[in-house]
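Residue 1218 is where the sequence shown starts when you use the numbering used here, and the numbers rise one by one after that.
The beta carbon of each residue, even a glycine, is placed where N, CA and C say it ideally should be.
First the structure, in the form of structure tokens, and then the observations on it.
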Amino acid sequence: MEQYAGIDVSLDSASVCIVDAQGKILKEAKVACEPEALIAWLAAHLPMCRRASPENIHSDRLTPTA
């Protein structure tokens, strides 16, 4: 079964959500906003992860302008 992870990062914590190919939520959690904590949580819960995607509401601020 393919699984996908979404990650919403704030200053103090990260919310992670795992869904299946149909969009059904399989697992949700809040973890410390530290690379090691995110990697450990995802490694433990996503052995078959196809894709992980961070949420980026303000992507226009990161895009270079001409």
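Checking 8 Å against the spacing of the C-beta atoms, do residue i and residue j come in under that value?
i	j	result
residue 1221	residue 1236	yes
residue 1238	residue 1219	yes
What's the C-alpha gap between residue i and residue j?
i	j	result
residue 1230	residue 1248	6 Å
residue 1257	residue 1242	20 Å
residue 1224	residue 1260	14 Å
residue 1252	residue 1226	11 Å
residue 1244	residue 1254	16 Å
residue 1228	residue 1250	7 Å
residue 1264	residue 1240	18 Å
Check the DSSP bridge columns for residue i and list the partner residues they point to.
i	result
residue 1245	1234
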